[in-house]
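Structure first, commentary second.
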Amino acid sequence: MSRSLLGRATRIILRLAGWLLTPVVLTITAALGATIAAVVALRLAPTAAVVTMLIGGLAGALLGLLGWERLLRGSPELRAVLAVTAEGVPEPAVVEELIAESESPAEPPA
Numbered sequence: 047m048s049r050s051l052l053g054r055a056t057r058i059i060l061r062l063a064g065w066l067l068t069p070v071v072l073t074i075t076a077a078l079g080a081t082i083a084a085v086v087a088l089r090l091a092p093t094a095a096v097v098t099m100l101i102g103g104l105a106g107a108l109l110g111l112l113g114w115e116r117l118l119r120g121s122p123e124l125r126a127v128l129a130v131t132a133e134g135v136p137e138p139a140v141v142e143e144l145i146a147e148s149e150s151p152a153e154p155p156a
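When we follow my numbering, the leftmost residue of the sequence shown carries the number 47, and every step to the right adds one.
Below, the structure is given as structure tokens:
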């Protein structure tokens, strides 16, 4: 495997991992909110407990999203490293560049 191919693969993997941070952060905060609500809802009726957990999960996801966006807006360096906008969306130019790199023909072996 040539160095340029290995470099491209590494870049693509790191970019994808960076882009997946936003949904991972939201999933973790939603689970944390639902868990906290479940502890609070122990003494409620089953239906009320499920509704409480749902509300806790939604509140956790919302707080996680607001915190993650605030972190991205306040850190241009982090946005540059992850190649995302202030909203956590991958930059279109970088996506096009990665697609073009992955579609380029392979170099013939030397």
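Each residue gets a CB set at the ideal place from its N, CA and C atoms; glycine is no exception.
Item	Value
Where do the N-terminal and C-terminal ends of the alpha helix (DSSP H) with Pro92 fall, by residue?	92-120
To the nearest angstrom, how far is it from the Cα of Val140 to the Cα of Leu51?	17 Å
Excluding five sequence neighbours on each side, which residues of the same chain lie with their C-beta closer than 8 Å to the C-beta of Gly64?	Val127, Leu128, Ala129, Val130
Can you name, in chain order, every residue of its own chain whose Cβ lies under 6 Å from the Cβ of Val71, other than the five neighbours on each side?	Gly110, Trp114
Spatial neighbours of Ala80 within its chain, please: CB distance less than 8 Å, with the 5 preceding and 5 following residues excluded, ordered by chain position.	Met99, Leu100, Gly102, Gly103, Gly106
For a test of the three-state rule: what should DSSP assign to Val130, helix, strand or coil?	strand
Grab me the residues of Thr75's own chain with a C-beta within less than 7 Å of its C-beta, minus the 5 sequence neighbours each way, in chain order.	Gly106, Ala107, Leu109, Gly110
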